[in-house]
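The structure appears below as structure tokens.
Protein chains: 2
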Amino acid sequence: MKVPASPMRKFVPYATAAKKNGVKILHLNIGDPDIKTPEVMIKALNNWSQNPIRYSQSQGEPVFLEALKFYYHKIGYEFIEKKNIQVTTGGSEAISMTFFAVAEPGDEVIVFEPFYANYNSYAAVNSIKLVPIKTEEKTGFHLPTKSEIEKKISNKTKAIMICNPSNPTGTVYLKQEMDMLAELCEKHNLFFISDEVYREFVYDGMKHISVLDYMKKMPEKIILLDSLSKRYSLCGARLGMLITLNKEINAGVLRIGQGRLSSGLIDQFMASKLTEVKDDYFQQVHKEYQKRRDVLYEGLKKIPGVYLEKPKGAFYTIVKLPVKNSEDFCKWLLTDFRIDDTTVMMAPAAGFYGTPGLGKDEVRIAYILNSDDLRKAIEILERALIEYRD
Amino acid sequence: MKVPASPMRKFVPYATAAKKNGVKILHLNIGDPDIKTPEVMIKALNNWSQNPIRYSQSQGEPVFLEALKFYYHKIGYEFIEKKNIQVTTGGSEAISMTFFAVAEPGDEVIVFEPFYANYNSYAAVNSIKLVPIKTEEKTGFHLPTKSEIEKKISNKTKAIMICNPSNPTGTVYLKQEMDMLAELCEKHNLFFISDEVYREFVYDGMKHISVLDYMKKMPEKIILLDSLSKRYSLCGARLGMLITLNKEINAGVLRIGQGRLSSGLIDQFMASKLTEVKDDYFQQVHKEYQKRRDVLYEGLKKIPGVYLEKPKGAFYTIVKLPVKNSEDFCKWLLTDFRIDDTTVMMAPAAGFYGTPGLGKDEVRIAYILNSDDLRKAIEILERALIEYRD
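Going down the list, the sequences are from chains A and B. The first sequence begins at 1 in the UniProt record's numbering and counts up one residue at a time. The second sequence begins at 1 in the UniProt record's numbering and counts up one residue at a time.
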């Protein structure tokens, strides 16, 4: 089958084997935060009384759609109505539905590499072609010029897709970049798709420019992908959403939604408690991640041969390592290297590139551990790089 | 977009409008049972203490895989190991993964019409072609002869797929039918896919012949699709599974599974309590459905012009009505017809056929209401058929 293995998860069997031998793994490979889910959501489970556990509605459980409307209005987008929202089973399903909605098999979607590796899975499932445009560490993975992007637009191109803030690079796109993409999409009649799962995770006082800012101007062409997984530490709750003012897409994704019946009822009721989450919950989460980002950046840049730019958002960064093949190195860390019976798991970056051969000396690191564990992970990485022989 | 509307759900807006006007709807349109979920599962929510709600593993949460193994061993299939099971987000995802795993875009899968309408959605999403072979009410929707099936096998055919017991017909396939399909699949090197979501819902003392009985003989070619939705009244929990001894398929669906990260953590923990569900839970459920089946069958066959065979399994039946277009009739019931401010919602059967024009005077009825409500629904239907003018 033509689905590639997930770079975040392909080494899980090695990690499992190591754990069986009593080894502690510091997981920098996957964005599964240790931050607590808001207590009010856990309480919704503890107070659960609905029985049977019936299907939810295909577009989304009404109470959850209402909560999402509340959220988007609160962050300033009061034009979003419930009819513009399709609840999805994780941000993952929103990606898949979007690819299906905007492209026929063989069509192309432009992405900027390195990009979130699972876009590959959905491209494969929907038989569409991702056309990667390279961005580079030295420019903080910001976008190339308009003309360079335009060169990649063909008569098969249906959309330009970004992740903002970016998983895996931590890049936060600037207003002029967003303007440029909007112009390009308007000019070439393309969909402008933005995955904004990490919207709130923007550091150093930067402002996040959402694709929602362009939605009223380009109602037919803009699609927002979103998820609660990171915002409320709800990765295991499998709740995302697809938002657009394009009525045809609304209707089409609802038909796909009907085909899979519904997203999880319990998850949606639990998550609808987001209306009761206090603002200081997210302020603390934000502060914690900025601190972790600083710990990671300061620690890594001191290691000889290691190179990274300071990430501005999300909780990932791409790091260049002094190794020939980061895949071998990541595997070796799991199978052979331990300090105090502890090792580090990272995602080899090659899986985040569409162009074969790129990213071979890079890893993606998710800084989702507390500062102490992060420091320990950096120390292990530093010593591993001394001992490792390509 | 090429996804058809769900015949079970396309009239939801009319139902919603009727409900807003105070009309009670008796839902015979969708298999969303009113049977209670086992209390031990609800208690698992009430006792929930895990925080954060982290990702589950892509293949399935270990405790849930263990519970599934327990279940299959208990029903007599002790050869099934955890590595043969992929947990899916509802039976729906198991269908989609299977189509993707066995067929390339343009390939064909043989199904017997009428068939579960959502197979169409997944065929569309995966760009494969369902080749329907007609079965008929008068033979209880049992299979045609081997040679009639063979006529439809082309060099693009990759699989034969059944739902057993069948949604939407209630047919339970006989041993000789299962033998015949297994032989055909072996002879023509096809996958034999069986959706057995309703395995336990078999009435009148009939024995269900599972595709699992053929799995050890044809380890490479058999795929079982399953779900907990109906068995434990967990429709809203979105948990299914794909089971095969074919290692390549196991590995491939796991890669798709990794692409969508995981199924819901809470749902899986809750459902893993199936190991503690007492046998009498299902005995009572079974008895209740057989009673409902009898109420429905006895009631409907007395209505002039209505024709149905006694369904043997699942909780659906296809019913021929004395109307020209059941779609118009079903819509009219929601928009115009009430008795004591109550009406009936059914699924027009045309959406369950692949061949255009078939099933136009049929509906699919799900007998998921208690006997009193079922009797009321039958009464409403009888009077509606008298008043209705095509």
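Ideal placement from N, C-alpha and C gives every residue a C-beta, glycine not left out. The structure displayed is predicted, hence computed values, not measured ones.
Minimum Cβ-Cβ distance from residue i to chain A less than 8 Å
i	result
C163 of chain B	no
G22 of chain B	no
W48 of chain B	yes
C235 of chain B	yes
D34 of chain B	yes
P348 of chain B	no
residue 449 of chain B	Past the boundaries of the shown model lies residue 449 of chain B; chain B is included only from 1 to 390, so the question cannot be answered.
CB contact check: residue i to chain B, cutoff 8 Å
i	result
S210 of chain A	no
S166 of chain A	no
N325 of chain A	no
D226 of chain A	no
Y55 of chain A	yes
N118 of chain A	yes
V125 of chain A	yes
P4 of chain A	yes
Y122 of chain A	yes
G354 of chain A	no
D280 of chain A	no
D373 of chain A	no
S263 of chain A	yes
G240 of chain A	no
N51 of chain A	yes
R260 of chain A	yes
Collapsed DSSP secondary structure at residue i in the structure displayed
i	result
S127 of chain B	coil
E101 of chain A	The sequence shown places Ala at residue 101 of chain A, not Glu. Correct three-state label for A101 of chain A: helix.
M241 of chain B	strand
F192 of chain B	strand
Y198 of chain B	coil
R364 of chain B	strand
Q57 of chain A	coil
S263 of chain B	coil
K158 of chain A	strand
A94 of chain A	helix
M178 of chain A	helix
Y281 of chain B	helix
F11 of chain B	coil
T171 of chain B	coil
T275 of chain A	helix
V63 of chain A	helix
A347 of chain A	strand
H142 of chain A	coil
Y116 of chain B	coil
Q258 of chain B	helix
Y390 of chain A	Checking the displayed sequence, the identity of residue 390 of chain A turns out to be Asp instead of Tyr. Coil, per DSSP.
Other residues of its chain near residue i: CB distance less than 7 Å, five sequence neighbours each side excluded
i	result
L242 of chain B	Q86, T88, A94, M97, T98, I223, L225 and V253
G22 of chain A	D341
A182 of chain B	F192, Y214 and M218
Where residue i falls, given that 16 or more other Cβ within 10 Å makes a residue buried
i	result
A349 of chain B	buried
K230 of chain B	buried
A103 of chain B	buried
K20 of chain A	exposed
H208 of chain A	buried
K138 of chain A	exposed
S272 of chain B	buried
F337 of chain B	buried
T343 of chain B	buried
M215 of chain B	buried
F201 of chain B	buried
P7 of chain B	buried
K69 of chain A	buried
Neighbourhood of residue i by C-beta distance below 6 Å, restricted to the same chain and skipping five residues each side
i	result
S233 of chain A	P33, I35 and T37
L358 of chain B	none
G90 of chain A	R238 and G240
Proximal residues to residue i (C-beta, below 8 Å), its chain only, five neighbours per side dropped
i	result
E108 of chain A	I128, K129, L130, V131, S154, K156, T157 and K158
The stretch 245-255 of chain B contacting the stretch 69-86 of chain B, beta-carbon criterion three pairs below 8 Å: Flag = yes, the stretch 245-255 of chain B and the stretch 69-86 of chain B touch.
Take every Cβ of the stretch 288-297 of chain A, pair it with every Cβ of the stretch 121-140 of chain A, and state whether three or more of those distances are shorter than 8 Å. Short answer: they don't touch.
For the structure I just gave you, are there three or more beta carbon pairs, one from the stretch 300-315 of chain B and one from the stretch 165-178 of chain B, closer than 8 Å? Counting Cβ pairs under 8 Å, three or more are found: they touch.
Three or more C-beta pairs below 8 Å linking the stretch 39-58 of chain A and the stretch 32-49 of chain B: Using a C-beta cut-off of 8 Å, the stretch 39-58 of chain A makes contact with the stretch 32-49 of chain B, since at least three inter-stretch Cβ pairs fall below that distance.
The stretch 316-334 of chain A in contact with the stretch 356-376 of chain A per 3-pair CB rule at 8 Å: As far as the Cβ criterion goes, the stretch 316-334 of chain A touches the stretch 356-376 of chain A, which means the pair count is three or higher.
Looking at C-beta atoms only, is the number of pairs between the stretch 260-270 of chain B and the stretch 54-73 of chain B that lie closer than 8 Å three or more? Touching, yes, given that three or more Cβ pairs across the two stretches are closer than 8 Å.
State whether the stretch 173-180 of chain B contacts the stretch 194-212 of chain B, with contact taken as three or more CB pairs (one from each stretch) at a distance under 8 Å. Under the three-pair Cβ rule at 8 Å, the stretch 173-180 of chain B counts as touching the stretch 194-212 of chain B.
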